[in-house]
Amino acid sequence: MAETIYVRGEGGAVIAMDLPLPEGIAERYERGQLVRVHSDGSPYYGAPTPRPTATQGSSLTQGRVPRPGARAGKDDWVLWAMAVHALPEADAEAMTKTQLQELPEHPAPARTGGDGRPAPDADKAEWIDFTVTSGRMSREDAEAYTRDDLIALFS
């Protein structure tokens, strides 16, 4: 059995039509001279389009940014370091290609104390960030201290 649709003709009348539409009617429908409606004449919008699902990457990368090949240009390595290691662009650009290649493929999870403090073996930059974000001193003041001084102040 053919599917029946309703169209509003050029004069405004609602007409039931079986699919497939005859060639002449199909041409008028495609040009917009006939408009599909419900049987009561209300506008027909069709089925809602499904939302695209977020891409998780290929099964090969499992959603991770793939590491560039050894022969890739420095720009590729900079983009990779920015995406994977969350390095600021200026810092990544300042590194050599060799330094970028020596970065681990997956960043180590941040090790922090229970109150958000960096681990004692964390580098100075992490301690400075902790000091500034916790509101204990300005970045300029924190940078004037050594890593060991910052650890002693906030441990």
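Numbering (our numbering), first residue to last: 162 to 316. For each residue, glycine too, the CB sits at the ideal point set by N, CA and C.
DSSP beta-bridge partners of residue 196: 169
Endpoints, alpha helix (DSSP H) assigned at residue 309: 308-315
For residue 178, three-class secondary structure by DSSP: strand
Status (buried if at least 16 other CB within 10 Å, exposed otherwise) for residue 279: buried
Cut-off 8 Å between Cβ atoms - residues of its own chain near residue 180, not counting five sequence neighbours on either side: 163, 164, 165 and 166
Of the residues 296, 189 and 184, the one placed nearest residue 171, counting alpha carbons only: 189
Residues bridged to residue 204 [DSSP beta-bridge criterion]: 198
Closest residue to residue 283 among 251, 259 and 316 (Cα-Cα distance): 316
For residue 246, the first and last residue of its enclosing alpha helix (DSSP H): 235-246
Rounded Cβ spacing between residue 305 and residue 289 (contact assumed at less than 8 Å): Residue 305 to residue 289, Cβ: 10 Å. No contact.
Pairwise C-alpha distance: residue 242 and residue 154: Here the chain comprises residues numbered 162 to 316, so residue 154 is not present and cannot be evaluated.
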